[in-house]
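In this note's numbering, the protein residues as written are 333 to 504.
And the structure:
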């Protein structure tokens with residue numbers, strides 16, 4: 333991809349993406365293979381986008397989802413091997429269902445880091461039936477935002493160190 337970005341969605345609304353595979357992209361600092369964001373100077377982010385069977389592997393960063401992006405769905409997807417944590421910042425209603433993550437963050441790194449600039453998130457970020465596989469030192473998700481709720485339902489964890497760290501987690 334250009335500058336390490338395989339798929340950049342800026343102000344994209346109401347789309348379905350099926351069977352997308354992204355391999356070996358993102359060699360530069362802070363370049364995510366999948367970026368979901370808003371148009372510059374717009375208050376409305378990308379929304380109502382569904383990814384089915386998205387596979388991202390061997391990349392610098394799986395994704396950045398940010399700034400008022402909402403109703404973003406990942407169904408039956410697999411993320412494997414990244415260099416730095418993926419981020420969700422100021423996004424609402426991001427849902428991962430039947431996601432598999434393999435080879436998570438190493439040491440103190442987490443696979444996914446959630447943050448906020450103070451925006452209250454009325455709809456939580458959800459992980460439904462995630463399969464999380466590592467070799468013993470993997471860390472899944474860190475929530476740096478007291479305003480963002482994260483719900484993890486029915487996690488299947490194998491050889492992990494930490495499932496969740498930070499604020500407002502509900503693990504069912």
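C-beta: ideal position from N, C-alpha, C; glycine also. As the structure is a prediction and not an experimental result, all values here were calculated from the model.
A Cβ-Cβ separation of about 5 Å places residue 444 in contact with residue 473 under the 8 Å criterion. Taken through DSSP and simplified to helix, strand or coil, residue 422 comes out as coil.
Look at residue 483 here: in three-state DSSP terms it is strand.
Restricting attention to 413, 481, 449 and 500, the CA atom closest to the CA of residue 471 is found in 413. In the DSSP assignment, residue 370 falls outside any beta strand (DSSP E) and carries neither an H nor an E. For residue 476, the three-state secondary structure derived from DSSP is coil. Within 10 angstroms of the beta-carbon of residue 449 lie fewer than 16 other beta-carbons, which makes it exposed. In this model, residue 428 and residue 337 are separated by some 21 Å (Cα to Cα). Residue pairing from DSSP leaves residue 442 without any beta-bridge partner.
Its chain contains 484 as the residues whose beta carbon lies nearer than 6 Å to that of residue 503, once the 5 sequence neighbours on both sides are disregarded; these appear in chain order.
The DSSP-derived three-state label of residue 463 is strand.
When the five nearest sequence neighbours on each side are left out, the beta carbons in the same chain lying within less than 8 Å of the beta carbon of residue 352 are those of 339, 383, 385, 386 and 387, in order along the chain. Counting only the Cα atoms, residue 378 lies some 12 Å from residue 405. For residue 341, the uninterrupted beta strand (DSSP E) segment begins and ends at 339-342.
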